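Asker: Please read through the structure below; I'll follow up with questions.
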Amino acid sequence: MKVSLKEARRIERRIETEQHNKPVSFDSSISIYEAVDVDFALEKARTKTEDAIENLVGLIMARSLIRRAIQQANEEYGINAFISEREEYIRLSAVWTDVINAGVGDTSAYALRKMIETELERSKTVIRGIYNGNSDDGVSFNTVSKSLIESANNEKRLTQKNIDTCDDSIAGKNATVTIEIPCDVVELLNKNNII
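Structure follows, in structure tokens:
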């Protein structure tokens, strides 16, 4: 059965959900109030457990097979390159967002010199035992300029356009590139109502 990469990912997620929603139970019970052939009940319970394990193993192997086929197609059709490029742009966007969120530092050189002089003077007038003059004592200020904020806004817009272009390329490839799912896997997926 041929499916697009988009559908293959959907099937892969369904398999994973199925695995989590139907764990194998290793316990069973027999009612003490019913006349039951114990040997038959025991064998039936064991067979049910073995079938559930076989089904789970089959689903794990099917998911792995589909995952490998997706990875191979991603590499073969250049999707991995788009994904890597997109990740790069996302990280760059985060840098520009941090710059924009920092805001403009409006401290002038004159104001900064005055702040330093004030702190130095304060350190001399405070009682010696209270002010210990640590090396980390200093004056804090924002270093972001207005022109850097403007550049960051432009870079962020450009980066977002690049992310959108990568997203479009990935979506296009995911819709058109197909993989083949073997018949035995299709039967297992049908049996489990996954497809």
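Per numbering that gives the first Met the number 0, numbering of the sequence shown is gapless, rising by one per residue and ending at 194. In this text, a Cβ means the ideal position worked out from N, Cα and C, and glycines have one as well. Just so you know, these numbers come straight off a predicted model, no measurement behind them.
1) Any heavy atom of the ligand ATP within a distance shorter than 7 Å of the CB on E11?
2) Confirm, please, whether the CB-CB distance from I69 to L4 is below 8 Å.
3) Rounded to whole angstroms, what is the Cα-Cα separation between S30 and E42?
4) Among all the DSSP beta bridges, which residues are the ones paired with I178?
5) Quick one: is R62 buried, meaning 16 or more other Cβ sit within 10 Å of its Cβ, or exposed?
6) Counting along the chain, where does the alpha helix (DSSP H) carrying N79 start and finish?
7) Quick one: give me the first and last residue of the alpha helix (DSSP H) that A61 is part of.
8) In angstroms, rounded to a whole number, what distance separates the CA positions of K123 and Y109?
9) With burial defined as no fewer than 16 other Cβ atoms inside 10 Å of the residue's Cβ, what is the status of V35: buried or exposed?
10) Would a C-beta distance cut-off of 8 Å place Y88 and V176 closer than the cut-off?
11) Quick one: is V56 buried, meaning 16 or more other Cβ sit within 10 Å of its Cβ, or exposed?
12) Would you kindly work out how many angstroms separate the C-alpha atoms of F140 and Q159, rounded to a whole number?
13) Buried or exposed for A170, please, with buried defined as at least 16 other CB atoms from any protein chain shown within 10 angstroms of its CB.
14) Give the range of the alpha helix (DSSP H) segment to which A110 is assigned.
15) Assuming L58 contacts Q18 (C-beta within less than 8 Å), just tell me the rounded distance between them.
16) Please name the residue in L147, I193, F39 and T142 whose C-alpha comes closest to that of T106.
Answerer: Looking at the coordinates:
1) Although the ligand ATP was asked about, the structure shown includes no ligands whatsoever.
2) To locate residue 4, count along the sequence shown from 1; it is residue 5. To locate residue 69, count along the sequence shown from 1; it is residue 70. Result yes, Cβ atoms of L4 and I69 sit closer than 8 Å.
3) On the sequence shown, position 31 is the one that residue 30 refers to. On the sequence shown, position 43 is the one that residue 42 refers to. In this structure, the CA atom of S30 is about 15 Å from the CA atom of E42.
4) Position 179 of the sequence shown, counted from the start, is the residue given in the question as residue 178. Looking at the DSSP output, I178 shares a beta bridge with V2.
5) Along the sequence shown, one-based indexing puts residue 62 at 63. Buried is the call here.
6) Here residue 79 is taken as the residue at index 80 of the sequence shown, counted from 1. Annotation for N79: the continuous alpha helix (DSSP H) segment containing it runs I78 to A101.
7) Locating residue 61 in the sequence shown gives position 62, counting from the first residue. Unbroken alpha helix (DSSP H) run through A61: V37 to E75.
8) By one-based count along the sequence shown, residue 123 stands at place 124. By one-based count along the sequence shown, residue 109 stands at place 110. Cα to Cα, the separation comes out at about 21 Å.
9) Mapped onto the sequence shown, residue 35 falls at position 36. V35 comes out exposed.
10) The sequence position of residue 88 within the sequence shown is 89, counting from 1. The sequence position of residue 176 within the sequence shown is 177, counting from 1. Against a cut-off of 8 Å, the Cβ pair of V176 and Y88 comes out as no contact.
11) If you number the sequence shown from 1, residue 56 lands on position 57. With fewer than 16 Cβ atoms within 10 Å of its Cβ, V56 is classed as exposed.
12) What you label residue 140 is simply residue 141 of the sequence shown in a count that begins at 1. What you label residue 159 is simply residue 160 of the sequence shown in a count that begins at 1. Within the model, the alpha-carbon separation for F140 versus Q159 is close to 30 Å.
13) By one-based count along the sequence shown, residue 170 stands at place 171. Here A170 is exposed, its C-beta having fewer than 16 other C-beta atoms within 10 Å.
14) Against the sequence shown, residue 110 aligns to sequence position 111. Start and end: A108 to T124.
15) In the sequence shown, residue 58 corresponds to position 59, counting from 1. In the sequence shown, residue 18 corresponds to position 19, counting from 1. Taking 8 Å as the upper bound for CB-CB distance, L58 and Q18 are in contact here, some 6 Å apart.
16) Taking the first residue of the sequence shown as 1, we reach residue 106 at position 107. It is T142 whose Cα lies nearest to the Cα of T106.
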